[in-house]
Amino acid sequence: MKKQQKRAGATRVLAKISRETLLWIGGAIFVLPFLWMVLGSFKTTAEITRIPITLLPEEWLINNFVEVIILLDVPRLFFNSCLIAVTATLGSLITSAMAGYAFAKLRFRGSNSAFYAIFITMIIPYFLTLIPSYLIVYRLGLINNYLAVILPGLANSFGVFMMRQFILGIPNDLLDAARIDGCSEFRIFWMIVLPLCWPALATLSIFSFMWNWQDFLWPLLVLPNKDMMTLEVGINYLQTVRSGVINYQYAMAGATIAIVPVLIVFLIMQNQIIKGVTVTGMKGGA
Amino acid sequence: MLDRRARRTLTAYLFILPVLVLLAVFVFGPVLFTFFISFFKWDFFTPPVFVGISQYVELFTQDQAFKTALYNNIWYTILEVSMTIGIALLLALGITERSNVLRVVYFTPVITSTVASALIWKYMYEPHYGLINYVLDFFTLPTSSWLLDPRTSLLSIALMDVWKGCGFYMMILLAGLKAIPSIYYDAARTDGASTWQQFKWVTIPLLKPTLLFVLIMSALGSFQVFTPVYMLTAGGPAFSSTTITFLIYKYAFNYFSMGRACAASVILTIIVLAISVFQMRMLREGGMMEY
Chain A
9 MKKQQKRAGA TRVLAKISRE TLLWIGGAIF VLPFLWMVLG SFKTTAEITR IPITLLPEEW
69 LINNFVEVII LLDVPRLFFN SCLIAVTATL GSLITSAMAG YAFAKLRFRG SNSAFYAIFI
129 TMIIPYFLTL IPSYLIVYRL GLINNYLAVI LPGLANSFGV FMMRQFILGI PNDLLDAARI
189 DGCSEFRIFW MIVLPLCWPA LATLSIFSFM WNWQDFLWPL LVLPNKDMMT LEVGINYLQT
249 VRSGVINYQY AMAGATIAIV PVLIVFLIMQ NQIIKGVTVT GMKGGA
Chain B
2 MLDRRARRTL TAYLFILPVL VLLAVFVFGP VLFTFFISFF KWDFFTPPVF VGISQYVELF
62 TQDQAFKTAL YNNIWYTILE VSMTIGIALL LALGITERSN VLRVVYFTPV ITSTVASALI
122 WKYMYEPHYG LINYVLDFFT LPTSSWLLDP RTSLLSIALM DVWKGCGFYM MILLAGLKAI
182 PSIYYDAART DGASTWQQFK WVTIPLLKPT LLFVLIMSAL GSFQVFTPVY MLTAGGPAFS
242 STTITFLIYK YAFNYFSMGR ACAASVILTI IVLAISVFQM RMLREGGMME Y
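Listed in order, the protein sequences are those of chains A and B.
Residue numbers for the first sequence follow my numbering, beginning at 9 and rising by one.
Residue numbers for the second sequence follow my numbering, beginning at 2 and rising by one.
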């Protein structure tokens, strides 16, 4: 009996060790592409195309980064991406919180239909709206204008949904007390509801920023100019930057430039981001 | 003077007005317009010409590329969803509370942009000096041209997407697992259930709502895959990795066949909505567990 127990204990330990080992091997495979990117970003053209391949760069040269920054005007593209992502995020936070408040706490005719209408936009494929949206932007003369990306980004149905869920949890007594004191709905929203929404707004802002930062197809179409494009669109051109041949050393340097800031933000705020994902089930990028 | 109720309604509408106006301009209006234009031949610059349902008919009868894309989409969705959810589930079951490092490691590709990811993977897939063939060759395993081989191009795109998506679904499944009260496991163990039996009779039934949710989300996402295709293969070689969204993009912005692109978008939407309705019905039949 005792022997059997001991054996069962040993199998359990063995199972645990093999499980942990597998998880760490898997983890190593998941990290490998990043490592390979960084190594590649330091290699020269001759080295990166050499067979057999070298694992570590022979010399750690920063030429590729310098070249990419000059070729793409990275500071400018970085500014474009920041401006678009920040403006669209801040705007969508306000519009989402306002609509979320109305759906959660105000009773009005047509609120259900309006809510379903907003809800349904979440499952409509993006491509169903693509061509007419392009036509609108084109006719308004907004091609190569930041507004072409910012305006559609100001409405975020997922944000509305999320804010409504959050504001539902705010006690009605609090709002009624303010109403009895003669507060207008706008003041209640601005002075009481919005400050209480801080945790939801923080999560939403992280995701909204990520979506806007990583958006690809729409900025590709409406901001084609070299000094108006976003960083995402810019690094896509690194594939064919010289004579149509793919220069992976530039591509890797560009990818590193694009990934590292996001990675730093992620590592600092990992807990909020991960909690946000599990609470809301949101996902960045397309 | 408005009565109180009318005023309250007015106030409420002022609150939802910004979102409604923006969605009307950039979603509802465009949706109607896309349906409308799908019955016209239109090159974006000259006036549209009414052609009835002929573009729909053409897509299904003459357009070989569309048929291939539809087939590719189905194949891609099956590949991506099964691999992503399968691996995500294994990870969620394997990762314990303490291993925060592993969680971060598996989640990092999720926050990495698709464009940057695609560049990295394209470099790794390179047939001559890419890392993947190097490693395969090292272990004397058969190599492949990956993105350049029509037989593996779609699979190669899916693998990148799996790498990028797993961590996200792992997190949601982890949350679902955490919500299962431990008393169920205690009870099962008292009855002498093995680990496999516990998994089959406790974990799977109680995780079903979460599982279906991640299945819906990943199926919808992979059915509309665009950026990875655009970046990695541009639909090639020879349409082997062309998906419907990529075809819509090509019809619209390379060939300026706006009407045909709109018709294809409508078909895509019908399929996507069908998937959602089907899976939501399954979700309802499965019943939301309460515990």
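A virtual CB, placed ideally from N, CA and C, is assigned to each residue, including glycine.
From a predicted model like this one, the values you see are computed outputs, not experimental measurements.
8 Å contact criterion, which residue 69 of chain A and residue 53 of chain A should meet: CB distance rounded: For the purposes of this step, residue 69 of chain A is identified with residue 61 of the first sequence, where counting begins at 1. For the purposes of this step, residue 53 of chain A is identified with residue 45 of the first sequence, where counting begins at 1. With 8 Å as the limit, residue 69 of chain A and residue 53 of chain A do not qualify as a contact, their Cβ atoms being about 11 Å apart.
Taking C-beta pairs closer than 9 Å, name the residues in chain A that residue 232 of chain B reaches, listed in chain order. Here the question's residue 232 of chain B lines up with position 231 in the second sequence. Correct list: 224, 244, 247.
Here's the rule I'm using: 16 or more other beta-carbon atoms within 10 Å means buried, otherwise exposed. How should residue 279 of chain B be labelled? For the purposes of this step, residue 279 of chain B is taken as the residue at position 278 of the second sequence. Counting Cβ neighbours within 10 Å, residue 279 of chain B comes out exposed, since fewer than 16 surround it.
May I have the straight-line CA-CA distance separating residue 282 of chain A from residue 106 of chain B, to the nearest angstrom? To locate residue 282 of chain A, count along the first sequence from 1; it is residue 274. To locate residue 106 of chain B, count along the second sequence from 1; it is residue 105. About 12 Å.
Collapsed DSSP secondary structure at residue 226 of chain B in the structure displayed: By 1-based counting over the second sequence, the position of residue 226 of chain B is 225. Note: residue 226 of chain B maps to coil in three-state DSSP.
Can you give me, in chain order, the residues of the stretch 197-222 of chain A that have a beta carbon less than 7 Å from any beta carbon in chain B? Those would be 218, 222, in chain order.
Rounded to the nearest angstrom, what separates residue 130 of chain B and residue 260 of chain A at their Cα positions? As a first step, residue 130 of chain B must be located in the second sequence, where it is residue number 129. As a first step, residue 260 of chain A must be located in the first sequence, where it is residue number 252. Their Cα atoms are separated by approximately 14 Å.
Same chain, Cβ closer than 6 Å to residue 52 of chain B, five either side skipped, listed in chain order: Counted from its first residue, the second sequence places residue 52 of chain B at position 51. Result list for residue 52 of chain B: 42, in chain order.
Three or more C-beta pairs below 8 Å linking the stretch 253-262 of chain B and the stretch 148-168 of chain A: Judged by Cβ distances under 8 Å, the stretch 253-262 of chain B makes no contact with the stretch 148-168 of chain A, as fewer than three pairs qualify.
Could you check the C-alpha separation between residue 218 of chain A and residue 192 of chain B for me, to the nearest Å? The residue given as residue 218 of chain A occupies position 210 in the first sequence. The residue given as residue 192 of chain B occupies position 191 in the second sequence. Approximately 48 Å between the Cα atoms of the pair.
Residue-level contact to chain B via CB, residue 49 of chain A, 8 Å cutoff: In the first sequence, residue 49 of chain A corresponds to position 41, counting from 1. It does not; no Cβ of chain B falls within 8 Å.
Residue-level contact to chain A via CB, residue 31 of chain B, 8 Å cutoff: Mapped onto the second sequence, residue 31 of chain B falls at position 30. Taking CB atoms only, residue 31 of chain B has a neighbour in chain A less than 8 Å away.
List, in chain order, every chain B residue whose beta-carbon is nearer than 9 Å to that of residue 134 of chain A. Taking the first residue of the first sequence as 1, we reach residue 134 of chain A at position 126. Under the 9 Å cutoff, chain B gives 225, 227, 246.
Tell me, which residues are paired with residue 116 of chain B by DSSP? For the purposes of this step, residue 116 of chain B is taken as the residue at position 115 of the second sequence. According to DSSP, which records beta bridges pairwise, residue 116 of chain B is partnered with nothing at all.
Can you tell which of A:194, A:45, A:265 has its C-alpha closest to the C-alpha of residue 86 of chain A? To locate residue 86 of chain A, count along the first sequence from 1; it is residue 78. Taking only the C-alpha atoms, the option nearest residue 86 of chain A is A:265.
Using the Cβ count rule (16 or more neighbours within 10 Å means buried), how would you classify residue 220 of chain B? What you label residue 220 of chain B is simply residue 219 of the second sequence in a count that begins at 1. With a threshold of 16 other beta carbon atoms within 10 Å, residue 220 of chain B meets it and is buried.
Nearest-angstrom beta carbon gap, residue 270 of chain B and residue 176 of chain A [assumed within contact, 8 Å]: Start at 1 with the first residue of the first sequence, and residue 176 of chain A comes out as number 168. Start at 1 with the first residue of the second sequence, and residue 270 of chain B comes out as number 269. Not really, about 31 Å apart at Cβ, beyond 8 Å.
Return the bridge partner residues of residue 302 of chain B from the DSSP annotation. Because chain B is modelled from 2 through 292, residue 302 of chain B falls outside the range shown and cannot be assessed.
Measuring CA to CA, which of B:36, B:70, B:69 is closest to residue 1 of chain B? Chain B is shown from 2 up to 292; residue 1 of chain B falls before or after that span and cannot be answered.
Any chain A beta carbon closer than 8 Å to residue 124 of chain B: Residue mapping note: residue 124 of chain B aligns to position 123 of the second sequence, counting from 1. It does: the Cβ of residue 124 of chain B has a partner Cβ on chain A nearer than 8 Å.
Quick one, are the C-beta atoms of residue 30 of chain B and residue 140 of chain A less than 8 Å apart? On the second sequence, residue 30 of chain B is found 29 positions in, with the first residue counted as 1. On the first sequence, residue 140 of chain A is found 132 positions in, with the first residue counted as 1. The answer is yes: Cβ separation under 8 Å.
Roughly how many angstroms separate the alpha carbons of residue 142 of chain B and residue 128 of chain B, rounded to a whole number? The count along the second sequence starts at 1 and reaches residue 142 of chain B at position 141. The count along the second sequence starts at 1 and reaches residue 128 of chain B at position 127. Answer to the nearest angstrom: the Cα atoms are 14 Å apart.
Does DSSP put residue 200 of chain A in a helix, in a strand, or in coil? What you label residue 200 of chain A is simply residue 192 of the first sequence in a count that begins at 1. Residue 200 of chain A: helix per DSSP, three-state reduction.
Please state if the CB of residue 231 of chain A and the CB of residue 157 of chain A are separated by a distance shorter than 8 Å. Here residue 157 of chain A refers to the residue found at position 149 of the first sequence. Here residue 231 of chain A refers to the residue found at position 223 of the first sequence. Yes; because the gap between Cβ atoms is below 8 Å, this pair is in contact.
Classify residue 122 of chain B: buried if its beta carbon has 16 or more other beta carbons within 10 angstroms, exposed otherwise. To locate residue 122 of chain B, count along the second sequence from 1; it is residue 121. By the neighbour-count criterion, in which a residue is buried when 16 or more other Cβ atoms sit within 10 angstroms of its Cβ, residue 122 of chain B is buried.
Counting only beta-carbon separations shorter than 8 Å, does residue 16 of chain B have a partner in chain A? In the second sequence, counting from the first residue as 1, residue 16 of chain B sits at position 15. Closer than 8 Å: yes.
Considering only their Cβ atoms, is the gap separating residue 215 of chain B from residue 174 of chain B smaller than 8 Å? Taking the first residue of the second sequence as 1, we reach residue 174 of chain B at position 173. Taking the first residue of the second sequence as 1, we reach residue 215 of chain B at position 214. Result yes, Cβ atoms of residue 174 of chain B and residue 215 of chain B sit closer than 8 Å.
Using the Cα positions of residue 45 of chain A and residue 145 of chain B, report the straight-line distance between them to the nearest angstrom. Walking along the first sequence from the start, residue 45 of chain A turns up at place 37. Walking along the second sequence from the start, residue 145 of chain B turns up at place 144. Cα-Cα distance, rounded: 21 Å.
Taking the alpha helix (DSSP H) that residue 3 of chain A belongs to, which residues open and close that run? No information on residue 3 of chain A is available, as it lies outside the stretch 9 to 294 that chain A covers here.
Taking the Cβ atom as the reference point for each residue, do residue 163 of chain A and residue 100 of chain A lie within a distance shorter than 8 Å? The residue labelled residue 163 of chain A in the question sits at position 155 within the first sequence. The residue labelled residue 100 of chain A in the question sits at position 92 within the first sequence. In contact: residue 163 of chain A and residue 100 of chain A (Cβ atoms closer than 8 Å).
Let me know the alpha helix (DSSP H) ranges lying completely inside the stretch 88-157 of chain A, each 4 residues or longer, listed in chain order. The qualifying runs are 119-128, 135-147.
With a cut-off of 8 Å, do at least 3 Cβ pairs link the stretch 152-165 of chain B to the stretch 62-77 of chain B? Here the stretch 152-165 of chain B lies against the stretch 62-77 of chain B, with 3 or more beta-carbon pairs under 8 Å apart.
Range of the contiguous alpha helix (DSSP H) that encloses residue 187 of chain B: Against the second sequence, residue 187 of chain B aligns to sequence position 186. For residue 187 of chain B, the enclosing alpha helix (DSSP H) stretches over residues 183-191.
Is residue 269 of chain A close to chain B? Criterion is C-beta to C-beta, closer than 8 Å. One-based indexing of the first sequence puts residue 269 of chain A at position 261. Taking a beta-carbon distance threshold of 8 Å, residue 269 of chain A does not count as an interface residue toward chain B.
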